[in-house]
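Engineer: If you read the sequences in order, they're chains A and B. Its first residue numbered 105, the first sequence is counted upward by one per residue in the numbering used here. Its first residue numbered 22, the second sequence is counted upward by one per residue in the numbering used here.
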Amino acid sequence: MTDIKMKPSAEKRSIPLFIDCDTGVDDAMALLCAAKMKSFDLIGVAAVAGNVALDKTLPNTLNVLALAGRTDVPVYKGAYKPLVRPLVSAPHVHGLNGLGGVELDSSPRKEEPEPAWDALYNAAMEHEDLVLVAVGPLTNVAKAFIKYRELPKRLSKIVIMGGAAVGGNTTPCTEFNIVTDPEAADVVFNSGVPIVMCGLDVTLKAYLTGTELDELAKLGTPQAIFSYQSQQNALRYEMSKGLPGICLHDPAALFFAEDETMFTARKAGIRVETRGSITSGKTVTDLDSDKKMSYREHRVVLDINRDAFRERIFTLMRKYSET
Amino acid sequence: MVETRSNIQTFYASTSQPLPIILDGDPGHDDAIAWVLARSRPELRILCVTSVCGNQTIEKTTYNAGRIMALLGMDVPLAMGLPKPLFRDPIIADTVHGKTGLDGPELPEPMKSPVACSAAELMAQCLKESDEPVVIVPTGPLTNVGALLLLYPELKSKIRHISLMGGGIARGNWTPAAEFNILVDPDAAKIVFESGIPITMAGLDVTERALVYPEDFERIRRVGNHVASVVAGWLEFFYHFHQSLGYPGAPVHDAVAVTALIRPEILTGEDLYVQVETKGVFCRGATVGDLNKVSGKPPNAYCLKDINRNAFVDLLVEAVTYYG
Numbered sequence: 105m106t107d108i109k110m111k112p113s114a115e116k117r118s119i120p121l122f123i124d125c126d127t128g129v130d131d132a133m134a135l136l137c138a139a140k141m142k143s144f145d146l147i148g149v150a151a152v153a154g155n156v157a158l159d160k161t162l163p164n165t166l167n168v169l170a171l172a173g174r175t176d177v178p179v180y181k182g183a184y185k186p187l188v189r190p191l192v193s194a195p196h197v198h199g200l201n202g203l204g205g206v207e208l209d210s211s212p213r214k215e216e217p218e219p220a221w222d223a224l225y226n227a228a229m230e231h232e233d234l235v236l237v238a239v240g241p242l243t244n245v246a247k248a249f250i251k252y253r254e255l256p257k258r259l260s261k262i263v264i265m266g267g268a269a270v271g272g273n274t275t276p277c278t279e280f281n282i283v284t285d286p287e288a289a290d291v292v293f294n295s296g297v298p299i300v301m302c303g304l305d306v307t308l309k310a311y312l313t314g315t316e317l318d319e320l321a322k323l324g325t326p327q328a329i330f331s332y333q334s335q336q337n338a339l340r341y342e343m344s345k346g347l348p349g350i351c352l353h354d355p356a357a358l359f360f361a362e363d364e365t366m367f368t369a370r371k372a373g374i375r376v377e378t379r380g381s382i383t384s385g386k387t388v389t390d391l392d393s394d395k396k397m398s399y400r401e402h403r404v405v406l407d408i409n410r411d412a413f414r415e416r417i418f419t420l421m422r423k424y425s426e427t
Numbered sequence: 022m023v024e025t026r027s028n029i030q031t032f033y034a035s036t037s038q039p040l041p042i043i044l045d046g047d048p049g050h051d052d053a054i055a056w057v058l059a060r061s062r063p064e065l066r067i068l069c070v071t072s073v074c075g076n077q078t079i080e081k082t083t084y085n086a087g088r089i090m091a092l093l094g095m096d097v098p099l100a101m102g103l104p105k106p107l108f109r110d111p112i113i114a115d116t117v118h119g120k121t122g123l124d125g126p127e128l129p130e131p132m133k134s135p136v137a138c139s140a141a142e143l144m145a146q147c148l149k150e151s152d153e154p155v156v157i158v159p160t161g162p163l164t165n166v167g168a169l170l171l172l173y174p175e176l177k178s179k180i181r182h183i184s185l186m187g188g189g190i191a192r193g194n195w196t197p198a199a200e201f202n203i204l205v206d207p208d209a210a211k212i213v214f215e216s217g218i219p220i221t222m223a224g225l226d227v228t229e230r231a232l233v234y235p236e237d238f239e240r241i242r243r244v245g246n247h248v249a250s251v252v253a254g255w256l257e258f259f260y261h262f263h264q265s266l267g268y269p270g271a272p273v274h275d276a277v278a279v280t281a282l283i284r285p286e287i288l289t290g291e292d293l294y295v296q297v298e299t300k301g302v303f304c305r306g307a308t309v310g311d312l313n314k315v316s317g318k319p320p321n322a323y324c325l326k327d328i329n330r331n332a333f334v335d336l337l338v339e340a341v342t343y344y345g
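Printed below as a string of structure tokens:
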């Protein structure tokens, strides 16, 4: 802590960050991490229906931020259902309340009056260098693009957790966030804004083992204990699917936004299938095909240095014992 | 005999008899090389050849099939396939295979005309007459095989295995999500993949690794016989298109489907549940593989992933050596 080299000589301004999420156990981890990042100024968080219904993701978002000691961050209410489809949520992974059954104290703060899409637009108009990290279904972001046609020009950096160049976790070729609202996802990928797609290609490699999660609990803070407890159900679920641990999908997208150096990504065209019989929600990339798409400014994140990832999680979570 | 999908390696463990096969393709340079390979192997007995529309129109692929058979001295019946995919209009690949569908070296004229019956009928006749179950090797769109299964479902048990070139689990070529053969006739492909017949899928995952480099063309040419020089010429033509896309060699896709039958040990693969998308804005013709086992469905295809490239080239050199 006293290492002089760790302190920036001149105070570097934090970059304004807006998070859109469907909290969600891995969303909760992303919020706990974002709350402690010096490089970002968390200026707003929006909740969307996804892992569980909006009447859970909204209070979960408020309550996790309160747990993080960040009742200063405004929270916005987003869409209660996908653009044109009914909501199919994932309580088998995230628990009925979305937080693996852990009940958090209610935040003293309430959500703001304006809807998520207006808040995102206002944030983008106010901050030229706004970074959007969207880790749920892309309904709120799509609504913002549909409502404000100049928004794509103002939003130059969007990192999403969603999709997969290859494979799937909900159907054989689709990832949960995208298959939940494929139309919204295609609006976003077709908006002209370069999107970083942190999908299953990388997030299945961004995991903590059960042992590492135990170590996290040993930090002993309420935040660490919450992380441990809330993720037990998801850990069991993912281990039953043959995964080596609990995938921290959403923190991976957040970390990419902060520092790309622990990742490998490739430029590609990406569109979302919305009318397939078995492929609706598939993020179609042109990474390896002879035929390329006309717009190729997106990036597909493909690999991660897992040691660096785990270290970053622990570094940020340790900050909760420092105050 | 029970045959699990991935144990094609045991094809020959049990018998010294040649394996009866049917070649069904849309020649096409890589179809032609696949047939050169098949014809050269004593382990394989070719019962008949059927043409399919794909790389070029059915008239051209049938004519090319006849010319290849004349070149190789293949004296088996040839039947012309359907003039178009089962339920759709044709798509051709003349940018890849040229105006004739087999541009490049000069070829002899066909020795005889195609038989009067359709491809599906000829296949059915061969299946009925064969004492042993037969392996079908489709290297074009699956139109004829789909038609066979629609028309003669009772003959399924006579089909031992389908070793096909088509699809791709992790990539497409003609569209970002789909490989040409499956894209052209996804409905036929769906019928094949849902048939329950053991399938080996030589998709782009492996065939884009089955690269033959320009220095290998010379090695093949130096074998010195007529077939060798024709194959070298085909490779040169085929490479020309791929070179413009940045390939270091010519991916001889279709020969991998034959290689799976004779040299399975130079290939790796994985049993997967594979479905074919027939609709969609971007995904028509995609072969969706359940890599993360989320469907709960048992595998229906052995999907090839990698190939020992040097051994593959050696195999092609050995094949042309057979012709004198």
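Heads up, the beta-carbon is just placed ideally off N, CA and C, and yes, glycines get one too. Fair warning: this is a prediction, and the values are worked out from it, not measured in the lab.
Given this structure, state the Cα-to-Cα distance separating residue 330/A from residue 206/A, to the nearest angstrom.
Structural biologist: 7 Å
Engineer: Looking at C-alpha atoms only, which residue of 257/B, 121/B, 71/B, 306/B is the closest neighbour of residue 237/B?
Structural biologist: 257/B
Engineer: By a C-beta neighbour count over all protein chains shown, 10 Å radius and 16 as the cutoff for buried, is residue 174/A buried or exposed?
Structural biologist: Buried, by the Cβ-count rule.
Engineer: In the structure shown, what three-state DSSP assignment does residue 340/B receive?
Structural biologist: helix
Engineer: What's the call for residue 228/B, buried or exposed, on a 16-neighbour Cβ count within 10 Å?
Structural biologist: Flag for residue 228/B reads buried.
Engineer: Can you find a C-beta in chain B that's less than 9 Å from the C-beta of residue 404/A?
Structural biologist: no
Engineer: Identify each residue in the region 311–340 of chain B for which the Cβ-Cβ distance to at least one residue of chain A is less than 8 Å, and report them in chain order.
Structural biologist: 311, 312, 313, 314, 315, 316
Engineer: How should residue 118/A be labelled, buried or exposed, when 16 other C-beta atoms within 10 angstroms of its C-beta is the threshold for buried?
Structural biologist: exposed
Engineer: Go to residue 205/B, then tell me how far its alpha helix (DSSP H) extends in each direction, as first and last residue.
Structural biologist: 201–205
Engineer: Kindly provide the ranges of any alpha helix (DSSP H) runs that are 4 or more residues long and lie completely inside the region 159–224 of chain A, ordered along the chain.
Structural biologist: 195–198
Engineer: So, residue 204/B versus residue 305/B, is the Cβ gap smaller than 9 Å?
Structural biologist: yes
Engineer: By alpha-carbon positions, which one of 370/A, 122/A, 215/A ends up nearest to residue 269/A?
Structural biologist: Among 370/A, 122/A, 215/A, the Cα nearest to that of residue 269/A is on 370/A.
Engineer: Within its chain, find whatever has a CB closer than 7 Å to the CB of residue 338/B; leave out the 5 residues flanking it on each side and keep chain order.
Structural biologist: 240, 241, 244
Engineer: From residue 382/A to residue 142/A, what distance separates their C-alpha atoms?
Structural biologist: 43 Å
Engineer: Which chain B residues are close to residue 382/A, counting only those with a beta carbon under 7 Å from its beta carbon?
Structural biologist: 296, 298, 309
Engineer: Tell me whether residue 307/B is buried or exposed, calling it buried when 16 or more other Cβ atoms sit within 10 Å of its Cβ.
Structural biologist: buried
Engineer: Does any residue of chain B have a CB that is nearer than 9 Å to the CB of residue 425/A?
Structural biologist: no
Engineer: Could you tell me which of 302/B, 324/B, 316/B, 131/B sits nearest to residue 285/B, measuring between CA atoms?
Structural biologist: Ranked by Cα distance from residue 285/B, the first of 302/B, 324/B, 316/B, 131/B is 324/B.
Engineer: From 61/B, 82/B, 63/B, 68/B, pick the residue whose C-alpha is nearest to that of residue 48/B; which is it?
Structural biologist: 82/B
Engineer: Tell me, to the nearest whole angstrom, how far the beta carbon of residue 162/A is from that of residue 139/A; I am working on the premise that it is less than 8 Å.
Structural biologist: Actually they are not in contact, since the Cβ atoms of residue 162/A and residue 139/A sit about 17 Å apart, beyond 8 Å.
Engineer: For a contact defined as C-beta to C-beta under 7 Å, what are the partners of residue 192/B on chain A?
Structural biologist: 392, 393
Engineer: For a contact defined as C-beta to C-beta under 7 Å, what are the partners of residue 303/B on chain A?
Structural biologist: Within chain A, the residues near residue 303/B are 375, 377, 388.
Engineer: Alpha carbons only, please: which of 355/A, 236/A, 130/A is nearest the one belonging to residue 145/A?
Structural biologist: 236/A
Engineer: Locate the alpha helix (DSSP H) running through residue 363/A, then write down its first and last residues.
Structural biologist: Run containing residue 363/A: none; DSSP gives neither H nor E here.
Engineer: Please compile the residues from chain A whose C-beta is within a distance smaller than 8 Å of the C-beta of residue 196/B.
Structural biologist: Ordered by position in chain A, the residues that pass the 8 Å Cβ test against residue 196/B are 393, 395.
Engineer: Can you confirm whether residue 170/A, when its beta carbon is compared against all beta carbons of chain B, has any partner nearer than 9 Å?
Structural biologist: no
Engineer: Checking contacts by CB at 9 Å: is residue 229/B closer than that to chain A?
Structural biologist: Contact with chain A is found for residue 229/B, since one of that chain's Cβ atoms lies less than 9 Å from the residue's Cβ.
Engineer: Could you check if residue 160/A is buried or exposed, using at least 16 other CB atoms within 10 Å of its CB as the buried criterion?
Structural biologist: buried
Engineer: Just to confirm my understanding: we take residue 297/A, look at its own chain, exclude 5 residues before and 5 after, and list those with CB closer than 8 Å. What are they?
Structural biologist: Setting aside the 5 residues that flank it on each side, residue 297/A is surrounded in the same chain by 256, 259, 260, 262, each with a C-beta closer than 8 Å to its C-beta; the list follows chain order.
Engineer: For chain B, check one thing: does any of its Cβ atoms lie closer than 9 Å to the Cβ of residue 418/A?
Structural biologist: For residue 418/A, the answer is no, since every Cβ of chain B falls outside 9 Å of its Cβ.
Engineer: Report buried or exposed for residue 110/A, applying the criterion of at least 16 other Cβ atoms within 10 angstroms of its Cβ.
Structural biologist: A caution first: residue 110/A carries a pLDDT of 45, below 50, which makes its placement in the model unreliable, though a value can still be read off. Exposed: under 16 other Cβ atoms inside 10 Å.
Engineer: For residue 266/B, go through chain A and note every residue whose CB falls closer than 8 Å to its CB, in chain order.
Structural biologist: 394
Engineer: Tell me the DSSP secondary structure of residue 333/A in three-state form.
Structural biologist: helix
Engineer: What does a CB cutoff of less than 6 Å around residue 271/B pick up in its chain, not counting 5 residues either side in sequence?
Structural biologist: 233, 256, 259, 260, 263
Engineer: Would you kindly check if the distance between the Cβ of residue 126/A and the Cβ of residue 156/A is under 9 Å?
Structural biologist: yes
Engineer: Answer yes or no: do residue 159/B and residue 166/B have a C-beta to C-beta separation smaller than 9 Å?
Structural biologist: yes
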